[in-house]
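Note that numbering that gives the first Met the number 0 has the sequence shown beginning at 0, numbered continuously upward.
Virtual Cβ for every residue (Gly too), placed ideally from N, Cα, C.
None of these values were measured; they are calculated from a predicted model.
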Amino acid sequence: MLDTATNQPVLPPEIARRRTFAIISHPDAGKTTLTEKFLLYGGAIQMAGQVRAKGEARRTRSDFMQMEKDRGISVSASAMSFDYDTFRFNLVDTPGHSDFSEDTYRTLTAVDAAVMVIDGAKGVESQTQKLFEVCRLRDLPILTFCNKMDRESRDTFEIIDEIQEMLAIDVTPAAWPIGVGRDFIGCYDMLRDRLELMDRADRNKVAESIEINGLDDPKLAEHVPEHLLEKFLEEVEMARELLPAMDPQAVLEGHMTPIWFGSAINSFGVKELMEGIGAYGPQPQIQSAEPRQIAPEEKKVAGFVFKVQANMDPKHRDRVAFVRIASGHFKRGMKLTHVRSKKPMAISNPVLFLASDRELAEEAWAGDIIGIPNHGQLRIGDTLTEGEAIRVTGIPSFAPELLQTVRPGDPMKAKHLEKALMQFAEEGAAKVFKPSIGSGFIVGVVGALQFEVLASRIEMEYGLPVRFEASQFTSARWVSGDKAEVEKFVDANKQHIAHDHDGDIVYLTRLQWDIDRVVRDYPELNLTATKEMMA
0 MLDTATNQPV LPPEIARRRT FAIISHPDAG KTTLTEKFLL YGGAIQMAGQ VRAKGEARRT
60 RSDFMQMEKD RGISVSASAM SFDYDTFRFN LVDTPGHSDF SEDTYRTLTA VDAAVMVIDG
120 AKGVESQTQK LFEVCRLRDL PILTFCNKMD RESRDTFEII DEIQEMLAID VTPAAWPIGV
180 GRDFIGCYDM LRDRLELMDR ADRNKVAESI EINGLDDPKL AEHVPEHLLE KFLEEVEMAR
240 ELLPAMDPQA VLEGHMTPIW FGSAINSFGV KELMEGIGAY GPQPQIQSAE PRQIAPEEKK
300 VAGFVFKVQA NMDPKHRDRV AFVRIASGHF KRGMKLTHVR SKKPMAISNP VLFLASDREL
360 AEEAWAGDII GIPNHGQLRI GDTLTEGEAI RVTGIPSFAP ELLQTVRPGD PMKAKHLEKA
420 LMQFAEEGAA KVFKPSIGSG FIVGVVGALQ FEVLASRIEM EYGLPVRFEA SQFTSARWVS
480 GDKAEVEKFV DANKQHIAHD HDGDIVYLTR LQWDIDRVVR DYPELNLTAT KEMMA
């Protein structure tokens with residue numbers, strides 16, 4: 000967010016009604032369940048699947064990979080678009096598992112806000128803190144949902160204090176819970192003086208809402224049991240005195256987060272959170288790019304690829320590039336320039352996603368996320384424009400923390416393996432390095448679980464059993480600098496040199512000593528642990 004809402008020009012109504020956001024949380028805080036309920040309220044699905052439910056009800060709509068269905072975790076970010084009230088929500092569900100955090104970091108470059116989900120019993124966990132720091136770097140507005148209030152959870156003030164202390168952000172309560180665990184009966188809407196009551200009997204039912212005129216309304220006593228009422232009134236009075244009031248501008252600038260309480264599995268608190276995203280979430284924002292920024296209200300279309308997913312449809316070897324539209328009004332069939340290759344591309348079959356269901360997108364506006372099926376032309380970080388050479392910046396690629404060599408079960412299938420690995424490298428699922436000396440490939444990932452996912456996907460999607468083996472190398476650094484210096488360095492260190500899937504030179508290291516030695520002996524060279532996804 001480079002511009003504050005106050006001096007931004009008025010956006011066309013279609014763009015102004017868009018809210019593009021990601022959901023971030025620690026694994027198991029209930030993020031996928033919350034996503035399901037969003038889709039349910041948006042009228043996009045009839046029955047919400049729960050990750051822990053039985054049989055068909057268990058197939059959550061946003062998890063489409065076999066491994067996600069088997070394990071009940073989300074391992075790749077999926078995008079969904081649906082209408083709610085007068086708004087168009089573009090929701091990106093991100094993997095909560097820390098082994099897939101790179102996918103999440105990239106996803107956060109494509110959204111204007113984040114919804115942070117925390118578990119009422121556990122509070123702020125390590126992975127949430129990491130992701131929050133990335134949001135912080137980008138000044139993303141954050142809205143918080145404290146989930147699982149129907150289970151034994153911590154004191155409300157304690158949760159709020161922890162968020163304020165650990166994340167250094169002001170917290171303003173948009174709702175206040177009444178009772179916890181078994182006694183949890185609902186919330187008081189602090190912004191509109193309403194009482195929201197939870198129905199435990201029907202999980203897919205919208206909570207009933209009772210209008211109250213302030214906290215001294217006698218109607219409160221009719222609905223809230225006496226033993227809970229006294230504590231609740233005392234807490235709300237303290238909250239109003241001790242905690243800051245809602246300041247929409249501070250929320251947009253990323254200095255304040257409103258917090259809602261609820262139970263996603265019981266569909267409670269979700270509607271209020273969605274209304275909050277509509278009311279306090281930002282409209283599509285300006286996108287940083289070179290040589291100039293891209294404003295959403297510009298007439299010409301520009302967009303960038305923040306994710307590539309291969310083989311979403313196992314029956315076809317398809318690859319879909321997820322593109323965030325940064326400006327303009329896109330129409331199906333448009334010819335856009337692929338800035339990296341300078342070639343025009345006719346976008347004839349763009350898709351909109353509803354989890355694994357897709358429909359043809361006849362049009363899209365700034366803020367929307369569309370999928371463009373392609374055969375490998377589009378990579379993460381690519382920019383598409385109506386002719387102007389603009390390159391969206393800030394999409395990171397991280398050095399892998401774990402390196403292993405990969406061999407096909409059948410040595411005759413080495414070519415097939417190369418093709419599969421290149422697909423995953425372009426998708427951003429792993430780094431693939433081809434050493435200068437010797438055969439085979441070295442695969443680098445951020446978390447160990449990614450090796451399992453890769454092995455299972457190569458086998459399922461390519462019918463190719465593979466095995467990963469320990470590598471002598473422990474980390475990788477990209478090498479840049481004066482051409483003659485780089486060549487001299489490469490010649491002297493052949494056994495450590497590899498190339499990534501873009502053909503860039505990579506220095507594979509065994510020990511920190513290797514890196515220190517290069518820094519000492521080749522002061523003109525740069526070794527970097529991240530590489531911006533160049534377009």
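- Taking I168 as the centre and dropping the five residues before and after it, the same chain places the C-beta of T256 closer than 6 Å to its C-beta, in chain order.
- Taking 7 Å as the cut-off, the beta carbon of S326 is found closer than this to the beta carbon of A301.
- Cβ contact annotation for G29 (same chain, cutoff 8 Å, sequence separation greater than five): V116, D118, N146, K147, A263 and I264, in chain order.
- Scanning its chain for C-beta atoms nearer than 8 Å, with the 5 sequence neighbours on each side dropped, one finds around T392 the residues S287, A288, E289 and E531, in chain order.
- Contact between I514 and R476 holds, since their C-beta atoms are separated by about 7 Å, short of 8 Å.
- Excluding five sequence positions before and after V338, the CB atoms of its chain that fall closer than 8 Å to its own CB belong to D381, T382, L383, T384, A388, I389, R390 and A534, given in chain order.
- Just so you know, the alpha carbons of A294 and N212 end up roughly 43 Å apart.
- About 11 Å separates the Cβ atoms of I379 and A109, ruling out a contact at the 8 Å cut-off.
- In this structure, the beta-carbon distance from T106 to T93 falls below 7 Å.
- Boundaries of the beta strand (DSSP E) around V405: L401 to P407.
- In this structure, the CA atom of G253 is about 17 Å from the CA atom of W259.
- Three or more Cβ pairs closer than 8 Å define a contact, and the stretch 446-466 falls short of that threshold against the stretch 488-503.
- DSSP places P281 in the coil class of the three-state scheme, outside both helix and strand.
- Nearest to P407 by alpha-carbon distance, out of I324, R87 and F467, is F467.
- According to the DSSP assignment, T19 belongs to the beta strand (DSSP E) that extends over R17 to S24.
- Pairing H222 with L194 gives a Cβ-Cβ distance under 7 Å.
- Secondary structure note for S455: it is in no beta strand (DSSP E), and the uninterrupted alpha helix (DSSP H) holding it is L448 to Y461.
- Cβ-Cβ distances below 6 Å link T404 to G439, I441, E468 and S470 in the same chain, with the five nearest sequence neighbours on each side left out; the list follows chain order.
- In this structure, P434 places its C-beta atom within 7 Å of the C-beta atom of A497.
- In terms of CA proximity to D246, A173 leads the group A173, E236, F303 and E229.
- Where M333 is concerned, there is no enclosing beta strand (DSSP E), because DSSP gives it neither an H nor an E.
- Scanning its chain for C-beta atoms nearer than 7 Å, with the 5 sequence neighbours on each side dropped, one finds around E425 the residues V307, G375, R378 and H500, in chain order.
- Runs of alpha helix (DSSP H) with 4 or more residues, each lying fully within the stretch 243-301, are found at 247-251 and 269-279, listed in chain order.
- Per DSSP, I346 has no beta bridge partner at all.
- By the neighbour-count criterion, in which 16 or more other beta carbons inside 10 Å mark a residue as buried, A429 falls on the buried side.
- Beta-carbon to beta-carbon, I14 and Q282 are separated by about 7 Å, close enough to satisfy the 8 Å threshold.
- Partner residues in a beta bridge of K414, as assigned by DSSP, do not exist.
- Setting aside the 5 residues that flank it on each side, L228 is surrounded in the same chain by L219 and A220, each with a C-beta closer than 7 Å to its C-beta; the list follows chain order.
- When beta bridges are read from the DSSP output, E468 appears opposite T404.
- Residue burial is scored here from C-beta neighbours: R181 has fewer than 16 other C-beta atoms within 10 angstroms and is therefore classed as exposed.
- Less than 7 Å divides the Cβ of E161 from the Cβ of G122.
- Residue pairing by DSSP places F81 opposite F88 in a beta bridge.
- When the Cα atoms are used, D188 and E358 turn out to be separated by approximately 37 Å.
- Rounded to whole angstroms, the Cβ separation of P11 and E296 is 6 Å, and the two are in contact under 8 Å.
- The continuous alpha helix (DSSP H) containing M237 extends over residues E225 to L241.
- Going by DSSP, I158 is part of the alpha helix (DSSP H) stretching over T155 to L166.
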